Amino acid sequence: MPISLSSIVTALPSEDSWGPPTTTDALVDGVPYAPYSKGDKLGRMADWTTEGKDRDGRGGRQQYNRNYRDQQVYGAGTSSLFAVQVAEDESSFSVVDNTRTSTKTRGFGRGGGTIFRGRGRGGRDQRGGRGTFQNSRVGGRGGQQAYLYDQRGGARGGRGGRRFGWKDYDKPQRNRDSSVNIKPDWTMLEEIDFARLLKLNLETSAGEDIDSYGFLYYYDRGYDKPPVKNTERKLNVVDRAAYNVTTSSDPIIQELAEKDEATIFATDNILSMLMCAPRSVYSWDLVITKQGSKLYLDKRDGSSLDMVSVNENAADAPLEASEGNKDSINFPGALALEATFINHNFANQTVMESETSKLEMQHENPFYNPSEETEPLASKAYKYRRFDLSLEKDEDPLHLIVRTEIDAVVKNNISGEDQLLTLKALNEFDHKAQGSGGALDWRTKLTSQRGAVVATEMKNNSCKLARWATQAILAGADVMKLGFVSRASPKIPDRHVILGVVGYDPRKFAEQMNLNLANGWGIVRTIVDMCRNMKDGKYVLVKDPNKALLRLYEVPVGTFEEEDGEEIEGTEAGGDEE
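As numbered in the working numbering, the sequence shown has no gaps in its residue numbers, which increase by one up to the final residue, 733.
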C-alpha cells in the first residue's frame, strides 16, 4: 500500500524534528503553513515565474501540462492566501521570463515585425498611453501598430496610446524656442488649447469700406504665361518703399479711434495670424493693449509676424542647427528671411510701373514722407474696413476696424472692370533637401502636374497659405496671385527665378484648404471677450513653441518700450566709445 506525503508529515514529531508546530499561539491569522494537495509536485525550492493559477482559476495537477512542465506548481491552489495587496495591479508583468522561445521570428505585414504575445487590451495597466515611452518595433497593419515598454521594465504591446508611423522611429524631438522671452514678472491669465479654438464659430458680414489710401499699378499679364523653354525669368531686386506699421502707430487708426468708429483695431497681418492660429506650428506673439473700451491688437518690433515661414506644417520641417541640420542656408530662420525677400521683390517686379496708368485711391499713402525717403513708393493700397462682431445678447454693437492691403489691379477680360489683386510668392529651396516635405521638382512638374504641386504646398504651408487667403478676403480682393519662385541653384540662396504665376479666387481657394472664416471670427471674438473683462493695461498672447495652445499673459505697461530704449542707449554708447 503506497504511503502518502500527508501521512508522513503528520507522523513526524513536532518538537525534536521538522514539521508543523503543535500550537498556533505565535501564528498570524491561524494559518500554520501553505496547504498542499496530493497532486503537488516538488520541483524547485523557489520559482517566482508562475502566476499561481491558470486561465480558469484552477491549480494543482490540472495546471500541469507540457507547456508548463518546467514550472513549479507546489501549493498553487492556495497561494492567494499569502498574496500581498499592493496599490497597483502588477499581474501585467513578471520579474523573470522562463518561457521557451524559438530562434525564428515570425513576421507580418510588409515591413515584418516580431509578434509579441498579449496584444489585447487586458487589464488597466496593459493599455498604452501617457505612461509609456520608447518605440520598440513597428509592424502590424500598414506599419501603424507600435509596441511600447512600460516604465517599470515589462515589455507589453498595448493598443492604446499614440500610433507611430514607420518613419517616426528616428524622428528628432523638436524643442523650439518661444518667439518672445517670458519674464518672471509676467502673470499668466489664460491657457487655451487649439482643440477648444476649433469648436468656435461666429458668422459675420462681408465688411464695409471706410477709407482707402495709396495707389496701385496694373499687373503684368505676361507672368501668367509659362516661361519659354530653356529660358527663365530672373527675380530682380526692386528697391521700393513698403510699410508694415503696427496698429497703434497707424495715424489713420488713431483718428478712427478718436471718432469712436469701432471698439477693436488691428491690421490684416495680425488678424489673419489670430484667425488661423490652430494651423500654426512655430511660436508667435501678439501684444494686446486695453485703453478704456478700446482694444488694439499690435505686434512687436522685429516680430516673427513680419517674416514668411517656409514648410512650417511639413512632416519633416526644416531643422535648426541645434537639431542636427548642417546646411546653414536651409535653417528655418534663413529660409524665412529668404522667403520674405522673395515676396517683397515679386510683388514689385510683376507690376507695370507707369505714372499715367495707375489706380489712385481716395488719399495718398499715409506713411510716406517724400522729404525723408530716397526710394520710390511701391504699388500698395491700404483699405480700412469695418466688421461687425456683435451677438444678439450684446447691448452695444461690437465693431472691428482692420487695415487691409492690396498689391495691384488688373482689367477683367470680359467686363473690362478693374479687379483688385494680392501678390504672394511660394519659394522652392531644394526639393531633395531635408525639410522639403516631399515637394515635387517645380521645374519639371509645375506645368504638367500643377495640381499636385499646389496640393503639396497646401500641406506643407497650410498656415501661410491660409493667412494669405484670409488677408485677401478681408481686403475684398477679387484675385489672389501665387507665384512659384525657385533658386537658380539649390546651393545659392540669393539668386532666384520665377517659374510661373497662378491666379485663384481667394474664397474658392479657402474652400479647397478647408478654411472656415467663421471659426476664425469665433477665435477673435473669444480673445476679445477675455481682454474686455480685464483691467486696462498691456497683455501678450503667445503661441507655445512646442504645444498646440495659446497663453495670455499680463505684462507691465512699458515692457517692450523699455527694451527698445535700452537698445537705442546701447547703440549710442557704442558709437561714443568708438
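Heads up, the beta-carbon is just placed ideally off N, CA and C, and yes, glycines get one too.
Source: prediction; values computed, not measured.
Open item on the list: If you reduce the DSSP assignment to three classes, tell me which class residue 648 lands in.
Closed with: On the sequence shown, position 493 is the one that residue 648 refers to. DSSP places residue 648 in strand when its eight states are reduced to three.
- [ ] Report the residue from 418, 712, 363 and 405 whose alpha carbon sits nearest the alpha carbon of residue 744.
- [x] This structure leaves residue 744 out entirely; the chain is present only between 156 and 733.
Task: Cα-Cα separation, residue 704 to residue 690 - done: Position 549 of the sequence shown, counted from the first residue, corresponds to residue 704. Position 535 of the sequence shown, counted from the first residue, corresponds to residue 690. Taking C-alpha positions only, residue 704 is separated from residue 690 by approximately 24 Å.
Open item on the list: Just to check my reading of the structure: residue 462 and residue 622 have Cβ atoms closer than 8 Å, yes? What is that Cβ distance to the nearest angstrom?
Closed with: By one-based count along the sequence shown, residue 462 stands at place 307. By one-based count along the sequence shown, residue 622 stands at place 467. The Cβ separation is near 12 Å, so there is no contact.
TODO: State the CB to CB distance for the pair residue 342 and residue 709, rounded to an integer number of angstroms; the pair is presumed to be in contact (CB under 8 Å).
DONE: What you label residue 342 is simply residue 187 of the sequence shown in a count that begins at 1. What you label residue 709 is simply residue 554 of the sequence shown in a count that begins at 1. Contact between residue 342 and residue 709 is confirmed by a C-beta separation of about 5 Å, below the 8 Å threshold.
Open item on the list: Looking at the strands, I want to know which residues DSSP matches up with residue 685.
Closed with: Reading the sequence shown from its first residue, position 530 is the one you call residue 685. Secondary-structure assignment with DSSP links residue 685 through no beta bridge to anything.
Open item on the list: So residue 540 and residue 559 are supposed to be a Cβ contact under 8 Å. How far apart are they, rounded?
Closed with: Translated into positions along the sequence shown, residue 540 becomes position 385. Translated into positions along the sequence shown, residue 559 becomes position 404. In this structure residue 540 touches residue 559 by the C-beta definition: roughly 6 Å separates them, less than 8 Å.
- [ ] Using only alpha-carbon positions, find the residue among 336, 333, 361 and 348 that is nearest to residue 543.
- [x] Residue mapping note: residue 543 aligns to position 388 of the sequence shown, counting from 1. Ranking 336, 333, 361 and 348 by CA distance to the CA of residue 543 puts 361 first.
TODO: Measure the alpha-carbon distance for residue 443 versus residue 547 and round it to whole angstroms.
DONE: The residue labelled residue 443 in the question sits at position 288 within the sequence shown. The residue labelled residue 547 in the question sits at position 392 within the sequence shown. Their Cα atoms are separated by approximately 25 Å.
Task: Minimum C-alpha distance to residue 512 - residue among 371, 659, 493 and 423 - done: In the sequence shown, counting from the first residue as 1, residue 512 sits at position 357. Here the closest residue by C-alpha is 371.
Open item on the list: For the beta strand (DSSP E) containing residue 582, name the first residue and the last one.
Closed with: In the sequence shown, counting from the first residue as 1, residue 582 sits at position 427. For residue 582, the uninterrupted beta strand (DSSP E) run begins and ends at 573-583, by DSSP.
TODO: Using the Cα positions of residue 130 and residue 439, report the straight-line distance between them to the nearest angstrom.
DONE: No answer is possible for residue 130: it lies beyond the span of the chain, which begins at 156 and ends at 733.
TODO: Look at the alpha carbon of residue 351 and the alpha carbon of residue 561, and state the distance between them as a whole number of angstroms.
DONE: As a working mapping, residue 351 is identified with position 196 in the sequence shown. As a working mapping, residue 561 is identified with position 406 in the sequence shown. Their backbone Cα atoms lie some 33 Å apart in a straight line.
TODO: Rank 629, 389, 532 and 592 by C-alpha distance to the C-alpha of residue 359 and give the top, closest one.
DONE: To locate residue 359, count along the sequence shown from 1; it is residue 204. Ranking 629, 389, 532 and 592 by Cα distance to residue 359 puts 629 first.
Task: For residue 641, the three-state DSSP class (helix, strand or coil) - done: Numbered from its first residue, the sequence shown carries residue 641 at position 486. Residue 641 falls in the strand class under three-state DSSP.
TODO: Evaluate residue 610 with the Cβ neighbour count: other Cβ atoms within 10 Å of its Cβ, from every protein chain shown; 16 or more gives buried, anything less gives exposed.
DONE: As a working note, residue 610 is residue 455 in the sequence shown. Counting other Cβ atoms within 10 Å of its Cβ, residue 610 stays below 16 and is therefore classed as exposed.
Open item on the list: By the three-class DSSP mapping on this structure, what secondary structure does residue 808 have?
Closed with: What the structure shows of the chain is the stretch from 156 to 733, and residue 808 is not part of that stretch, so it cannot be assessed.
Task: N-terminal and C-terminal residue of the beta strand (DSSP E) that residue 367 is part of - done: Walking along the sequence shown from the start, residue 367 turns up at place 212. From DSSP, the beta strand (DSSP E) with residue 367 extends over 363-374.
Task: Local conformation of residue 716 per DSSP, three classes - done: By one-based count along the sequence shown, residue 716 stands at place 561. Helix.
- [ ] Would you identify the three-state DSSP class for residue 378, choosing helix, strand or coil?
- [x] If you number the sequence shown from 1, residue 378 lands on position 223. Helix at residue 378.
- [ ] Report buried or exposed for residue 408, applying the criterion of at least 16 other Cβ atoms within 10 angstroms of its Cβ.
- [x] Counting from 1 along the sequence shown, the entry for residue 408 is found at position 253. When all chains shown are included, residue 408 counts as buried.
Open item on the list: Tell me the DSSP secondary structure of residue 668 in three-state form.
Closed with: Taking the first residue of the sequence shown as position 1, residue 668 is located at position 513. Coil.
TODO: Go ahead and pull the three-state DSSP assignment for residue 540.
DONE: Position 385 of the sequence shown, counting from 1, holds the residue named residue 540. For residue 540, the three-state secondary structure derived from DSSP is strand.
Task: Cβ-based neighbour list, residue 673, same chain, cut-off 7 Å, excluding 5 preceding and 5 following - done: Sequence index remark: in the sequence shown, residue 673 carries index 518 (1-based). The beta carbon of residue 673 is closer than 7 Å to those of 356, 357 and 358 in its chain, skipping five residues each way along the sequence.
Task: Nearest-angstrom Cα separation, counted from residue 466 out to residue 483 - done: Here the question's residue 483 lines up with position 328 in the sequence shown. Here the question's residue 466 lines up with position 311 in the sequence shown. If you draw a straight line from the Cα of residue 483 to the Cα of residue 466, it is about 16 Å long.
Open item on the list: Please tell me whether residue 707 and residue 584 are closer than 8 Å, where the distance is taken between their beta carbons.
Closed with: Translated into positions along the sequence shown, residue 707 becomes position 552. Translated into positions along the sequence shown, residue 584 becomes position 429. Contact: no.
Open item on the list: By the DSSP assignment, the alpha helix (DSSP H) with residue 426 in it spans what residues?
Closed with: Here residue 426 corresponds to residue number 271 of the sequence shown, with the count starting at 1. 423-430 is the extent of the alpha helix (DSSP H) around residue 426.
Task: Cβ pair count under 8 Å reaching 3, the segment 677-695 against the segment 522-535 - done: By the C-beta criterion, the segment 677-695 is judged not to be in contact with the segment 522-535, since fewer than 3 inter-stretch pairs fall below 8 Å.
- [ ] Can you check DSSP and say which residues form a bridge with residue 484?
- [x] Residue mapping note: residue 484 aligns to position 329 of the sequence shown, counting from 1. Residue 484 pairs with nothing; no bridge assigned.
TODO: Name the two residues that bound the continuous alpha helix (DSSP H) containing residue 628.
DONE: Counting from one through the sequence shown, the residue named residue 628 turns up at place 473. Membership of residue 628 in the alpha helix (DSSP H) is indicated by the continuous run 617-630.
Open item on the list: I'd like the list of long-range same chain contacts for residue 716, defined as Cβ closer than 8 Å, with 5 residues on each side in sequence excluded.
Closed with: Residue mapping note: residue 716 aligns to position 561 of the sequence shown, counting from 1. Excluding its 5 nearest sequence neighbours in each direction, residue 716 has no C-beta neighbour in its own chain below 8 Å.
Open item on the list: Helix, strand or coil for residue 554? Go by DSSP, reduced to three states.
Closed with: Translated into positions along the sequence shown, residue 554 becomes position 399. Strand, per DSSP.
Open item on the list: Starting from residue 449, trace the beta strand (DSSP E) in both directions and tell me its first and last residue.
Closed with: The residue given as residue 449 occupies position 294 in the sequence shown. First-last of the beta strand (DSSP E) with residue 449: 449-453.
Open item on the list: Which same chain residues end up closer than 8 Å to residue 713 when comparing Cβ atoms and leaving out the 5 residues on each side of it in sequence?
Closed with: Along the sequence shown, one-based indexing puts residue 713 at 558. Same-chain partners within the cutoff: there are none.
- [ ] List the whole-angstrom C-beta distance separating residue 402 from residue 451, where the pair is believed to meet the contact cut-off of C-beta under 8 Å.
- [x] If you number the sequence shown from 1, residue 402 lands on position 247. If you number the sequence shown from 1, residue 451 lands on position 296. The C-beta distance from residue 402 to residue 451 rounds to 5 Å, short enough to fall under 8 Å.
Task: Where the alpha helix (DSSP H) containing residue 413 begins and where it ends - done: By 1-based counting over the sequence shown, the position of residue 413 is 258. Secondary structure note for residue 413: its alpha helix (DSSP H) is the uninterrupted segment 406-413.
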